[in-house]
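K.L.:
Protein chains: 4
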Amino acid sequence: MSQTKVAPKNSLPKTMPALKKVRSEPGLTFCNEVELPIVGPRDVLIKVTHAGICGTDRHIFEWDKWSQNRIKIGITTGHEFCGRVVKLGQAVSRVSVGDRVSAEGHIGCGVCEACRTGNAHICDQVQIFGIDCDGCFATFHKVPEENVWPVNEKIRDEVAAVFDPLGNAVHTVMTAGVSGKSVLITGVGIIGLMAVTVAKAAGASQILVTDVDPKRLALARELGADDVLNAREPWVADAKKMTGGRGPQVMLEMSGHPQAIRDGFAALQPGGHVALLGIPPDDITIDLSNAVIFKGATVHGINGRRMFETWYQMERFVLSGRLNLDPIITHVIEMEDFEKGFKMMQTGEAIKVVMRIPN
Amino acid sequence: MSQTKVAPKNSLPKTMPALKKVRSEPGLTFCNEVELPIVGPRDVLIKVTHAGICGTDRHIFEWDKWSQNRIKIGITTGHEFCGRVVKLGQAVSRVSVGDRVSAEGHIGCGVCEACRTGNAHICDQVQIFGIDCDGCFATFHKVPEENVWPVNEKIRDEVAAVFDPLGNAVHTVMTAGVSGKSVLITGVGIIGLMAVTVAKAAGASQILVTDVDPKRLALARELGADDVLNAREPWVADAKKMTGGRGPQVMLEMSGHPQAIRDGFAALQPGGHVALLGIPPDDITIDLSNAVIFKGATVHGINGRRMFETWYQMERFVLSGRLNLDPIITHVIEMEDFEKGFKMMQTGEAIKVVMRIPN
Amino acid sequence: MSQTKVAPKNSLPKTMPALKKVRSEPGLTFCNEVELPIVGPRDVLIKVTHAGICGTDRHIFEWDKWSQNRIKIGITTGHEFCGRVVKLGQAVSRVSVGDRVSAEGHIGCGVCEACRTGNAHICDQVQIFGIDCDGCFATFHKVPEENVWPVNEKIRDEVAAVFDPLGNAVHTVMTAGVSGKSVLITGVGIIGLMAVTVAKAAGASQILVTDVDPKRLALARELGADDVLNAREPWVADAKKMTGGRGPQVMLEMSGHPQAIRDGFAALQPGGHVALLGIPPDDITIDLSNAVIFKGATVHGINGRRMFETWYQMERFVLSGRLNLDPIITHVIEMEDFEKGFKMMQTGEAIKVVMRIPN
Amino acid sequence: MSQTKVAPKNSLPKTMPALKKVRSEPGLTFCNEVELPIVGPRDVLIKVTHAGICGTDRHIFEWDKWSQNRIKIGITTGHEFCGRVVKLGQAVSRVSVGDRVSAEGHIGCGVCEACRTGNAHICDQVQIFGIDCDGCFATFHKVPEENVWPVNEKIRDEVAAVFDPLGNAVHTVMTAGVSGKSVLITGVGIIGLMAVTVAKAAGASQILVTDVDPKRLALARELGADDVLNAREPWVADAKKMTGGRGPQVMLEMSGHPQAIRDGFAALQPGGHVALLGIPPDDITIDLSNAVIFKGATVHGINGRRMFETWYQMERFVLSGRLNLDPIITHVIEMEDFEKGFKMMQTGEAIKVVMRIPN
C-alpha cells in the first residue's frame, strides 16, 4: 500500500504537450513542456490517446462571454477522451494499470444527497474537467478513480472518446422516454444528431427533426429521422400533421433557441414529455399556461449524464450495433492540428472532430 | 328501453331557478323561470343540493377580460356541486335514480387518445360546465353518465360539493409526488390551502408555504404547514435554510405569479419536482437554464384532474379522515345570497363558499 | 335519435354463418342459420371480414379441462377480428356506419375503479367475447361502442385481425420496459414471437429467446432475436454469459412453464424486471427468496391489454413499419376450412392463422 | 497524506471487548481482549456507543441451520449501530474524527453495475457486517468511508442505532408506494411494526395488519394501523370488506410465511403492488396465475436498503417527527447483558433491544 503501483518499465516523462488557454483572448496554445498532473491517493493517471472537441471547447477557443467569466487562464482544456491507465494512487483498488478507459467529466463533492444517490451530475459543487480544472487535451490526464469508466474491448477508440456527448444524448432520450412514441428533436448539432440515432435505437416509432441547416437535416434523415422540418419556415402545423394531428408525444430540445423551444411546446401533444438539453443564452419569454399547464406536459431539465446509469445504457446501445455514429464523427486529426479542427467546426465542414493525442 | 326511467311520483317541474350571466357586464342574475335541461339518451339529470363557488365563477361574476372572451351570454354558471339523480336517459345503465352524486366538470370528446387513456382532462376538445355549456348553479343539472361520480355515504354534502377544486389539489400533489419529501407551496388561495392538507395527508415530511396574506399563512399553518414565508419579502434563502441548505424537493405552484414561479425554481433542490397549477395571466420571463436545465428539475403542468384516477384518490383521502377541510369551507349560504358570497370572497372574509340550492 | 342509423340499401340478412360449440366434445360446428345479434342502444354491429384463431380458441376446439369448466354450450367462438360497421345502436355517437374497425375483446363492468382508470382489462367482472358471450367467428358481431377500435387505413386487414394477441405482446413489452435493455423471452409461441419483433421495435438492445422448438427458435432469430437457447438443455449459465455475466435485465415470460419461469428468474440480473404473461396450468413451486427478494426483482403480472393505452402504442408500432408480422401470420384461410386451420396450429405447420369470414 | 489522522490525545487501546461466535454452538461469547480492527487507507474507525440486536443476530445466537452454513467461527457479530469516528485511513476525505455516525451494513464490490447505479444493496458480491466480516458488537468498528452515514444532531442515539432495520421498512414502504393508498402489512415483527409507522407517515390512507400475536397487533394499532386481523383465522374476506370490497391496493409482506403470502395476494386489489421483504425459509407453492398474472399485480423484491436514497428518506421521516419508534425500541441494555436481551426477544417481552457498548 505504501508504494505507488506503476506499470513496470513504463517510466513516465517529466513533461508533456497540452492545449492550454494561456491568454485572455481567442485561441488555444499548444504547450510542449507542461508538468504532469500530481496523482493523489484516489487518483488515476491516464495516457490519453484520443480526445473529442466539444462545443464547449469551441466556446473557450472563441473566448465568448461565458468563457471569459468562467475559465481560469492557464487551464488545460478538454473533457472527452479515451486512453490507458498508467499510474494509480495509493488507495486505488478498482482500476488497474493498462486498463483502457474513458471517464465521466463531472466531479461531484461525494458527500451530498445528489452525489450519494446516483445524481452527482447535478451536485451543487460539481467541477468539470477542462473548465474548472485541468482537462484531457494533454498526453496525461488525472481523474479520481470514481470517475473512471472501463471501455469494452469491442468499442473503438474514436467512439470511446465521445462518450461524454453521447452520454448527453442518451440521458436526454432515456429521461424523456421514447419507446413506441413519436419524437420531435429541435436542433441537430452534434448532440442532436446523436440523439437521432439514439432515439431510433431506443425504439422511437417516429422521429421528426427541425434545424436551420439543410446539410444537418439531410444527415439527420440518414441517421433515421422520418421527417425533417426547416426551422427557417413555420413548421408547427406540419409537425402536427405528420403525427396524426395531435403533435409529437416527446420533444428533445437540443438547440437552446427560444423560438424553437416555444414552437416545440406548441407542437407537443397534450400529456407529452419534453427534455430540455439546449442552453438558452438568456432568459426566455414563454406562455407557460398554454405551453405546459393546460397541456399537462412534463418537462425534464437535462444536465450531463447520470453517474453511472447513463454510462451503462450507452455501453449497451453501442454494443448492440444499433447506433450509427460514423456519419457524426466526421474527422480524426492530430492534436497539433487543433486549429484546423475548430475551423472545420465553425464552417460546418465537420460535425464531431476527434484528436489523436501525441505520446 | 323505450321509456325514460324516472323516480315514481317524482314529477319534475317545467322550470327552475338558476344563476345566469344575462348581460355583458359584471354580476350574475338569479333567474326564476329557467327551462330544465333536455336529457339525451346518455345523460343523467341531477337535482343539485349544494354547489361551490370557484375562483373561475368569480372571474365570470367580475366579468374580467378572460370571461368576456370565453363566456357566452345566457349561460348558467357553476361546475362544483353535489345532488341526487332524478332522471336517466334511455341508454344510461351505470347510475340509478336516487343516487347521491357529484360529477367531473370536464367533458371530453370521448374518441381521442387522451379521452381513451384516462386523460380526458387534457382532451383538445374539452368542454367545461358553467363555462362552455350550462352549469350547476341551478336546481337541475344535466351531465353525461360518464361524468357522474357516486358520493360515498360517509362524505358530507359540503365536501362533496367541492370535489372539483379538491381534485385539483389532489392531482397536483399526487403528480408531483410528496411522500417522504420536503414540499414548498407557493400561493395559498383556495386550492393552495387544500394542497396543504392534502400534502400532509399524502406523506410530505415538511411543508413550507409562501403567500402575501398573513391570514392565509396562518390558516396554512393550522392546516399542517411547518413553516410559512411572507412573499412580500425575499424568501428563497430562508426556504433553503429551512430545508437543510439544499431547498425543497417539491414545489407546488398555486399562485400563477411570475415572481413566485421564478423564486420557487430558485429555491428548488437539484433534481426536484415542480407541479404548476396556477395560471400566469401573461407570458412570463424565466431563466430556463438555471431554473430547470442545470438543476435537472422535472416540471409537471397540471390541468383539472385525471378522470377518474384522481377521484378515487380523493375519495380515499376524504374517507381516511386525514384531510382537514373544515377551516377551508368557511361559509354555507343560500343560492339567493350569491352576491354576498362573491363579496366575502373578494374581501378575503371567506375562503370557500358553498351555496345551498333551492328545491 | 329514435331511429336506428343503418347504411342505406344495406339491408341485413336474418341469419348468418357462425362457428359454434354445439356439443360438449372436441370440435366446433359451422352453423349456417344463426340469428344475428340483437343490437342494444350502445352497441355497434360489425360485418366481420377477417378473424384470427387464438390459442384460446384451440383450447375450446380441443375441449380441454379449462374449456369444459368455462365455456357455455351454444356459444359463438372467436375474439380477434376486423370488419366494417353496418349498424349502430340509438345512443351510439362515436362510431359511424362504414368505419373499418377492430375491437377490444374484454368487456369491463364500466363502473369499478379498474374500468374508470384505464384498467378495464383487470376488471373483476370482465367478460370476454367468444368465451363469456358470443364472439366474432361469424358474419356479424356485436360489440359495445366503447370497445370499438377504428383501424387506420394504412393497416392491412390480416394485421388488424390480430390486434388482440399483438396487444398482449405490446402490453407485456411496454410494461416491462425494454428500451436500451437486454431482454430474455422464455417461450416463443404466437405471442412470444410477436414479442420478439415488438421488443426489437421498442428498443431492446439485446434479445435472447428460449424454446423447445428449433423451428420457432429459427423464426425468432429471423424476427430479431440476437441469440436463441434450446430449453431442452440447461441454458441459465449461457444466458448470463451472453449478457456480460450478469444476466438479462428483463424477462418476458411467454410459456407458462414452471421450469422456464424458475430458470428465467435464475438468469435475471439483480434489479431486473419480469413480465409474466404465460399461464401456468397449476400452482408452481418457486424459491421466492432467491428468485425475487434477494435479487430486488420487479415482477409484473400481465393480463390482456390496457384499454386503450396499449392500442395506441400498437397502432404506432404498426404504422412505424418497424414490426415484422408477416412471418408470424403464416396462413389466411376461409372460415369453412377452420378444421384445417386448427390442425396446422396443432402440428406446428402454422403459427398464426387468419380466417376470411363469408359475407 | 502519509500520516494517519487521529484525534489528538485520543490514544486508542490495543484491545477491546466484543461479542463473538467462538464455537459452533448456540450462544455468543463476550471476549474482553479482542484486537482492534486494522484501518485501511479508505476505512474509518468508529467508537461504537449503541448497537441494535437484529433478528439475524438472534439466528446467529440460536445457531440455526442458516447460521451454521453462513457464519465463520470467530466473527464479531452485529451490524446496527451508532458511534463516533476516532480514526481515519490515509485516503479518507469525506468524514472527520469526532463525527457522530451510523453506517450502511452492506459492502458492495464498488465496480459492478448495481454498485455504480445506487443499487449496491443488490451487488452480487455484497458482504454484510457481522455476517461476512467483523461487525459492530464491539467497542471499535471499522467501515469503509463510503458506508459511513453522518447522523443528524437532532436524532437520538437509540434511533440512530436502528437505522439499518428502519431502512428496511422505509425501502419496503417507499418501493411499494403507499401515498393515498390502502395498505396491508402481513406480519408485524420488528420491521413490520416499523413499517406501520413509516406507512402512516408516508401517507397511507388506510393500514390493515395481520399477525398471529395479539400483543403485536395491539402495538400495530397503537402505531397507526386502522384495522388488525388475527392470522390464525381466515382473514382475506375481512380484508376485502374493510377496503370497500376490492382489497388493499398495496401489500407489504413482512412475515415470510407461505400462507400469509398466498392470502395477501388473494386479498390484493387488481392492479395492486406487493413488496416482499419477509424471507420464506423454503420454496413456496403459489397459484401464480390468480395471485399475480390475471390480477395484473406488480411485485417488488426487497433486499436491504437503497444506498443511499433510502437513508435520506429515513432521515427526513425521523426529522419530520411523524415516526413513532419509541414503542418499538422497548429496551436499552448494557452489552454485557446481551443474553438477557436475546431472551427477551425470544419470549416476546422485547421488540427491539438496543445495547450500550462499553468504552
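Protein chains in written order, with this note's numbering: chain A, 1 to 359; chain B, 360 to 718; chain C, 719 to 1077; chain D, 1078 to 1436.
Note that beta-carbon positions come from the ideal geometry of N, C-alpha and C, so glycine has one too.
Whose Cβ in chain C lies nearer than 7 Å to the Cβ of Gln-313 of chain A?
P.N.:
In the first sequence, residue 313 of chain A corresponds to position 313, counting from 1. Going along chain C in sequence order, the residues near Gln-313 of chain A (Cβ under 7 Å) are Gly-898.
K.L.:
Quick one, which residues of the region 1282 to 1301 of chain D are near chain B if we go by CB-CB under 9 Å, in chain order?
P.N.:
So the close ones are Ser-1282, Gln-1283.
K.L.:
Select from the region 1360 to 1379 of chain D all residues with a C-beta closer than 7 Å to any C-beta belonging to chain C, and list them in chain order.
P.N.:
Under the 7 Å Cβ criterion, the region 1360 to 1379 of chain D contributes Asp-1360, Ile-1361, Thr-1362, Ile-1363, Asp-1364, Leu-1365, Ser-1366, Val-1369, Ile-1370, Phe-1371, Lys-1372, Gly-1373, Ala-1374, Thr-1375, Val-1376, His-1377, Gly-1378, Ile-1379.
K.L.:
What are the start and end residues of the beta strand (DSSP E) that includes Lys-501 of chain B?
P.N.:
Numbered from 1 along the second sequence, position 142 holds the residue referred to as residue 501 of chain B. Its beta strand (DSSP E) spans residues 499 to 503.
K.L.:
Helix, strand or coil for Arg-306 of chain B, going by three-state DSSP, please let me know.
P.N.:
Residue numbering for chain B in the displayed model covers 360 to 718; residue 306 of chain B lies beyond these limits and cannot be assessed.
K.L.:
Can you tell me where the alpha helix (DSSP H) with Asp-622 of chain B in it begins and where it stops?
P.N.:
Looking up residue 622 of chain B in the second sequence gives position 263. Note, Asp-622 of chain B: alpha helix (DSSP H), 617 to 626.
K.L.:
Can a CB atom of chain A be found closer than 9 Å to the CB of Leu-884 of chain C?
P.N.:
Position 166 of the third sequence, counting from 1, holds the residue named residue 884 of chain C. No, Leu-884 of chain C does not count as interfacial toward chain A.
K.L.:
With C-beta atoms as the reference, is Glu-463 of chain B less than 9 Å away from Ala-520 of chain B?
P.N.:
The residue labelled residue 463 of chain B in the question sits at position 104 within the second sequence. The residue labelled residue 520 of chain B in the question sits at position 161 within the second sequence. No, these two residues do not count as a Cβ contact at 9 Å.
K.L.:
Here's a check: name, in chain order, each residue in its chain whose Cβ is nearer than 6 Å to the Cβ of His-500 of chain B, leaving out the five neighbours to either side.
P.N.:
Taking the first residue of the second sequence as position 1, residue 500 of chain B is located at position 141. Hits under 6 Å: Ile-405, Val-407.
K.L.:
Which residue or residues does DSSP assign as beta-bridge partners of Lys-765 of chain C?
P.N.:
Counting from one through the third sequence, the residue named residue 765 of chain C turns up at place 47. According to DSSP, Lys-765 of chain C bridges with C:Arg-802, C:Phe-858.
K.L.:
So, for Val-888 of chain C: in the same chain, excluding its five sequence neighbours on each side, which residues have a beta-carbon less than 6 Å away from its beta-carbon?
P.N.:
Your numbering for residue 888 of chain C matches position 170 in the third sequence. Val-916, Thr-1028, Gln-1031, Met-1032.
K.L.:
Whose C-alpha, out of D:Asn-1401, D:Thr-1375, D:Gly-1264, D:Trp-1140, is nearest the C-alpha of Pro-1357 of chain D?
P.N.:
Here residue 1357 of chain D corresponds to residue number 280 of the fourth sequence, with the count starting at 1. Answer by Cα proximity: D:Gly-1264.
K.L.:
How far does the beta strand (DSSP E) with Asp-586 of chain B in it extend, from its first residue to its last?
P.N.:
Locating residue 586 of chain B in the second sequence gives position 227, where the first residue counts as 1. Its beta strand (DSSP E) spans residues 586 to 589.
K.L.:
What would DSSP say about Gly-1244 of chain D, mapped onto helix, strand or coil?
P.N.:
Sequence index remark: in the fourth sequence, residue 1244 of chain D carries index 167 (1-based). Reduced to three states, the DSSP call for Gly-1244 of chain D is helix.
K.L.:
Is Gln-628 of chain B close to chain F, meaning its C-beta is less than 9 Å from at least one C-beta of that chain?
P.N.:
Here the protein chains are A, B, C and D, and chain F is not one of them.
K.L.:
Kindly indicate which three-state DSSP category Gln-721 of chain C falls into: helix, strand or coil?
P.N.:
By 1-based counting over the third sequence, the position of residue 721 of chain C is 3. Reliability of the predicted coordinates at Gln-721 of chain C is poor, the pLDDT of 41 falling under 50, and no value is obtained from them.
K.L.:
Once DSSP output is grouped into helix, strand and coil, what is the label at His-1377 of chain D?
P.N.:
Locating residue 1377 of chain D in the fourth sequence gives position 300, where the first residue counts as 1. Three-state DSSP puts His-1377 of chain D in a strand.
K.L.:
Our contact map puts Gly-1373 of chain D next to Ile-825 of chain C with C-beta atoms below 8 Å; I'd like the distance itself, whole angstroms only.
P.N.:
Here residue 1373 of chain D refers to the residue found at position 296 of the fourth sequence. Here residue 825 of chain C refers to the residue found at position 107 of the third sequence. Not really, about 17 Å apart at Cβ, beyond 8 Å.
K.L.:
What is the rounded straight-line gap between the Cα of Ser-361 of chain B and the Cα of Gln-449 of chain B?
P.N.:
Stepping through the second sequence from its first residue, residue 361 of chain B is reached at position 2. Stepping through the second sequence from its first residue, residue 449 of chain B is reached at position 90. Interpretation of Ser-361 of chain B is limited by its pLDDT of 38, a score under 50 that renders its predicted location unreliable; the figure taken from the coordinates is listed afterwards. Computed Cα separation, rounded: 7 Å.
K.L.:
Compute the Euclidean distance between the alpha carbons of Asp-283 of chain A and Val-236 of chain A, then round it to the nearest angstrom.
P.N.:
Within the first sequence, numbered from 1, the residue matching residue 283 of chain A stands at position 283. Within the first sequence, numbered from 1, the residue matching residue 236 of chain A stands at position 236. C-alpha separation (whole angstroms): 23 Å.
K.L.:
Do you know offhand how far Pro-1291 of chain D's Cα is from Leu-1329 of chain D's?
P.N.:
For the purposes of this step, residue 1291 of chain D is identified with residue 214 of the fourth sequence, where counting begins at 1. For the purposes of this step, residue 1329 of chain D is identified with residue 252 of the fourth sequence, where counting begins at 1. The straight-line gap from Cα to Cα measures roughly 19 Å.
K.L.:
Leaving aside the five residues before and after Asn-391 of chain B along the sequence, list all residues of the same chain whose C-beta is less than 8 Å from its C-beta, in chain order.
P.N.:
The residue given as residue 391 of chain B occupies position 32 in the second sequence. Hits under 8 Å: Thr-374, Pro-376.
K.L.:
Going by alpha carbons, who is nearest to Ser-1173 of chain D out of D:Pro-1404, D:Val-1121, D:Asp-1340?
P.N.:
Working through the fourth sequence from its first residue, we reach residue 1173 of chain D at position 96. Among D:Pro-1404, D:Val-1121, D:Asp-1340, the Cα nearest to that of Ser-1173 of chain D belongs to D:Val-1121.
K.L.:
For Gln-1202 of chain D, which residues of its own chain have a beta-carbon under 8 Å away from its beta-carbon, when the five flanking residues on both sides are left out?
P.N.:
Sequence index remark: in the fourth sequence, residue 1202 of chain D carries index 125 (1-based). Answer for Gln-1202 of chain D: Gly-1185, Cys-1186, Cys-1189, listed in chain order.
K.L.:
Determine the chain A residues that contact Met-1025 of chain C at a beta-carbon separation under 8 Å, and present them in chain order.
P.N.:
On the third sequence, residue 1025 of chain C is found 307 positions in, with the first residue counted as 1. Per Cβ cutoff of 8 Å: no residues; Met-1025 of chain C is ~17 Å from chain A at best.
K.L.:
Taking a Cβ distance cut-off of 9 Å, strictly less, list which residues of the region 479 to 510 of chain B are near chain A, in chain order.
P.N.:
So the close ones are His-480, Ile-481, Cys-482, Asp-483.
K.L.:
Would you tell me roughly how many angstroms separate the C-alpha atoms of Leu-1270 of chain D and Asn-1245 of chain D, rounded to the nearest one?
P.N.:
Locating residue 1270 of chain D in the fourth sequence gives position 193, where the first residue counts as 1. Locating residue 1245 of chain D in the fourth sequence gives position 168, where the first residue counts as 1. Going by the C-alpha atoms only, they are around 11 Å apart.
K.L.:
For a test of the three-state rule: what should DSSP assign to Val-1431 of chain D, helix, strand or coil?
P.N.:
Working through the fourth sequence from its first residue, we reach residue 1431 of chain D at position 354. Strand.
K.L.:
Once DSSP output is grouped into helix, strand and coil, what is the label at Lys-654 of chain B?
P.N.:
One-based indexing of the second sequence puts residue 654 of chain B at position 295. In the structure shown, Lys-654 of chain B sits in coil (DSSP, three-state: anything other than H, G, I, E or B).
K.L.:
Which term fits Asp-685 of chain B, buried or exposed, when burial requires 16 or more other beta carbons within 10 angstroms of its beta carbon?
P.N.:
Within the second sequence, the letter at position 326 stands for residue 685 of chain B. Exposed.
K.L.:
State yes or no: is the C-beta of Gly-1023 of chain D within less than 9 Å of the C-beta of Lys-1277 of chain D?
P.N.:
Residue 1023 of chain D is absent from the model: chain D starts at 1078 and stops at 1436.
K.L.:
Tell me whether Val-1099 of chain D is buried or exposed, calling it buried when 16 or more other Cβ atoms sit within 10 Å of its Cβ.
P.N.:
As a working note, residue 1099 of chain D is residue 22 in the fourth sequence. It counts as exposed.
K.L.:
Under 8 Å by Cβ, that's how I've got Ile-903 of chain C and Leu-995 of chain C pegged, so tell me the actual separation to the nearest angstrom.
P.N.:
Translated into the one-based positions of the third sequence, residue 903 of chain C becomes position 185. Translated into the one-based positions of the third sequence, residue 995 of chain C becomes position 277. The pair is not a contact, with the Cβ atoms about 10 Å apart (cut-off 8 Å).
K.L.:
The region 386 to 400 of chain B: which residues have C-beta closer than 9 Å to a C-beta of chain C, in chain order?
P.N.:
Listed in sequence order: Gly-399, Pro-400.
K.L.:
On a CA-only basis, which of C:Gly-1066, C:Asp-852, C:Gln-1064, C:Ile-1046 is nearest Val-1072 of chain C? Give me that one, please.
P.N.:
As a first step, residue 1072 of chain C is located in the third sequence; it is residue number 354 there, counting from the start. Nearest of C:Gly-1066, C:Asp-852, C:Gln-1064, C:Ile-1046 to Val-1072 of chain C, Cα basis: C:Ile-1046.
K.L.:
Determine which residues share a DSSP beta bridge with Trp-508 of chain B and list them.
P.N.:
Working through the second sequence from its first residue, we reach residue 508 of chain B at position 149. DSSP, once it has assigned bridges, lists B:Ser-461 as partnering Trp-508 of chain B.
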